[in-house]
Each structure stands twice: as structure tokens, then as C-alpha cells.
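Using numbering that gives the first Met the number 0, the first residue of the sequence shown is number 0, and each one after it goes up by one.
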Amino acid sequence: MKNTIFQVSIFLFFLIGCNNKAAVVQQWPGRDTTIVLKDSLGLIHLRIPIKFDTFLVWTRYSDCYSCGEEKYRFQIRKNPIFLESGWYWKGDPKDSIDELSIKHTVGVIIKDTISDSRMLELHLLHMANYKEDPSLIPIIWDTVQMINKKWYSIASIKQYDEKLRIYSKILIAVTMSRGNEIEFKFRKASKFNDSSMVNFVPASIQCLSSVEFSNPK
Numbered sequence: 000m001k002n003t004i005f006q007v008s009i010f011l012f013f014l015i016g017c018n019n020k021a022a023v024v025q026q027w028p029g030r031d032t033t034i035v036l037k038d039s040l041g042l043i044h045l046r047i048p049i050k051f052d053t054f055l056v057w058t059r060y061s062d063c064y065s066c067g068e069e070k071y072r073f074q075i076r077k078n079p080i081f082l083e084s085g086w087y088w089k090g091d092p093k094d095s096i097d098e099l100s101i102k103h104t105v106g107v108i109i110k111d112t113i114s115d116s117r118m119l120e121l122h123l124l125h126m127a128n129y130k131e132d133p134s135l136i137p138i139i140w141d142t143v144q145m146i147n148k149k150w151y152s153i154a155s156i157k158q159y160d161e162k163l164r165i166y167s168k169i170l171i172a173v174t175m176s177r178g179n180e181i182e183f184k185f186r187k188a189s190k191f192n193d194s195s196m197v198n199f200v201p202a203s204i205q206c207l208s209s210v211e212f213s214n215p216k
């Protein structure tokens with residue numbers, strides 16, 4: 000019960016903040032940008048932190064065509080560039096990570112937007128899948144939240160590697176565009192538990208609150 004109350008409180012706090020978009024955008028320095036999604040999925044308009052000075056786009060192939068992923072990433076240039084591949088896997092970098100990755104499946108089929116109740120079902124499915132993935136536990140909190148007229152399934156993960164002495168945090172938000180899932184994954188890993196690490200979740204939510212979708216012309 001206590002955990003449920005905490006999640007509801009988090010939901011209400013972020014819901015109020017994200018509905019007041021104009022105030023949020025004015026409170027932090029950033030850069031407005033637009034991403035053109037492949038396969039006519041639409042355009043993403045968002046405000047990203049100034050620190051993200053590198054933008055990468057690639058396809059993560061798989062032995063199954065529909066299992067591949069189209070990926071878009073904002074990151075800091077001085078950090079290692081690592082483009083995940085379905086053919087050769089050497090593991091994620093463990094340190095010096097500060098990025099926002101966006102992804103969707105390859106060869107999507109444009110469909111109708113799903114209902115609100117279906118979005119809740121997808122949220123529960125995502126939470127079950129995350130709990131089976133060692134890289135995405137423990138989940139600190141999760142919620143379903145509307146941002147700029149779109150529902151998002153959101154989860155926050157906090158980790159500490161005692162052997163490597165590395166702090167890491169992840170915030171995953173999944174929404175739908177033209178009937179297909181779009182995942183936003185904010186990720187930070189560092190040996191320093193500084194203010195940027197402490198404020199990771201609010202800063203990520205702040206960026207997410209600026210996201211708007213539009214259909215291709």
C-alpha cells in the first residue's frame with residue numbers, strides 16, 4: 000500500500016508539472032530540435048540539454064527483419080560512441096554514459112492509435128519484461144502519465160556497481176505514434192554521485208515534457 004501511495008504521488012507531481020509546458024521550457028537552458036522518424040512514423044519535436052552536442056542515427060539489425068530497431072541518440076561528444084549491433088555484441092560501456100536514445104522497430108506498419116485502457120495493459124507488460132532484464136532492475140518507481148496529449152509508460156531504475164564503483168540511473172518512457180511503440184531511454188553512468196546524477200530523474204522528465212509529435216507532411 001505504501002508503495003502504491005508513493006507511485007500515485009509521483010504521478011500527480013509529474014502530471015502537474017508536465018501539463019504546464021511553457022513554464023517548464025523556460026526554466027532550463029536547452030536547444031529545440033526535430034527528429035524525422037523513419038517509415039513515416041512522424042516527427043518528434045523536443046528540447047534537449049545543451050550538453051548533448053552529438054546526434055547519431057543507425058539501424059540495429061537482427062537475424063529477423065521485424066526484430067531490428069531504428070535508433071536515434073543524443074549524447075556528449077567526449078564520451079565513447081557505442082552503436083549497438085545485432086550482429087556483434089561486446090557489451091554496453093560501463094562508465095562515462097550520458098545520453099538519450101529513441102528507438103522503434105524496423106519496417107513498421109501504420110495502425111490506429113490504441114485506447115487508453117490498452118496503454119495501461121502495455122505498461123504492465125513492460126514492467127514485467129523489465130523485471131526479467133538484469134540491466135533494468137531494480138525499478139525505483141513506475142507510472143502511466145499523459146504528456147502533451149500522449150500517454151507514456153514510465154519507469155525509473157537506479158543501480159550501483161560495487162565492484163566498479165559506478166553509479167547509474169535510467170529512465171525509460173514508452174509511448175505510441177501511429178499505432179507503433181516509441182521508446183525514450185535516458186541513461187547516465189558515472190563514478191561520481193554528483194548533482195547531475197542526483198538530479199537525473201527530474202532533468203529527464205523535464206526533457207520528456209517538451210516532446211511533441213506531428214505527422215509527416
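Built from N, CA and C at the ideal position, the CB exists for glycine as well.
> Do you know offhand how far ILE75's Cα is from GLU182's?
Replying inline: 20 angstroms
> Is the shortest distance between the beta-carbon of ILE169 and the beta-carbons of chain D less than 9 angstroms?
Replying inline: No chain D appears in this structure, which consists of one protein chain only.
> Roughly how many angstroms separate the alpha carbons of TRP27 and TRP57, rounded to a whole number?
Replying inline: 29 angstroms
> Between the region 164 to 177 and the region 77 to 85, do at least 3 Cβ pairs fall closer than 8 angstroms?
Replying inline: no
>> Is the beta carbon of GLU69 closer than 9 angstroms to that of HIS242?
In response: Summary: the structure shown does not reach residue 242, with the chain confined to residues 0 through 216, and so no result is reported for it.
> Going by the CB atoms, is the gap between SER155 and VAL200 shorter than 9 angstroms?
Replying inline: For the pair VAL200 and SER155, the CB atoms are nearer than the 9 angstroms cut-off.
> Which ranges would you report for the alpha helix (DSSP H) in the region 128 to 157 if only whole runs of at least 4 residues count?
Replying inline: none
>> Just to confirm my understanding: we take THR32, look at its own chain, exclude 5 residues before and 5 after, and list those with CB closer than 7 angstroms. What are they?
In response: LEU45, ILE47
> GLY29 bridges to which residues according to DSSP?
Replying inline: PRO48
> Can you tell me whether DSSP reads GLU98 as helix, strand or coil?
Replying inline: Correct three-state label for GLU98: strand.
> The alpha helix (DSSP H) with VAL219 in it runs from where to where?
Replying inline: Here the chain has residues from 0 to 216 only, and residue 219 is not among them.
> Taking C-beta to C-beta, are GLY41 and SER176 nearer than 9 angstroms?
Replying inline: yes
> Mind checking whether the beta-carbon of SER84 lies closer than 8 angstroms to any heavy atom of the ligand MN?
Replying inline: Inclusion of the ligand MN in the displayed structure is not the case, the ligand content being empty and no account of it being possible.
>> Excluding the 5 residues flanking CYS17 on each side, which residues of the same chain have their C-beta closer than 6 angstroms to its C-beta?
In response: Low confidence applies here, because CYS17 scores a pLDDT of 45, under 50, leaving its location unreliable; read the following figure in that light. Same-chain partners within the cutoff: ILE146, SER208.
> Below 9 angstroms between beta carbons: does that hold for ALA202 and SER95?
Replying inline: no
> Just how far apart, CA to CA, sit ILE136 and ILE109?
Replying inline: 32 angstroms
> Which word fits ALA127, buried or exposed, when buried means at least 16 other C-beta atoms lie within 10 angstroms of its C-beta?
Replying inline: By the neighbour-count rule (16 or more Cβ atoms within 10 Å), ALA127 is not buried but exposed.
> What's the call for CYS206, buried or exposed, on a 16-neighbour Cβ count within 10 Å?
Replying inline: buried
> How big is the Cα-Cα spacing for PHE185 and LEU170?
Replying inline: 5 angstroms
> Just checking my contact of ARG72 with LEU55 at CB under 8 angstroms: how many whole Å lie between their CB atoms?
Replying inline: 5 angstroms
> Whose C-alpha, out of HIS122, LYS149, ASP97, GLU180, is nearest the C-alpha of TRP140?
Replying inline: HIS122
>> Given this structure, state the Cα-to-Cα distance separating LYS216 from LYS37, to the nearest angstrom.
In response: 13 angstroms
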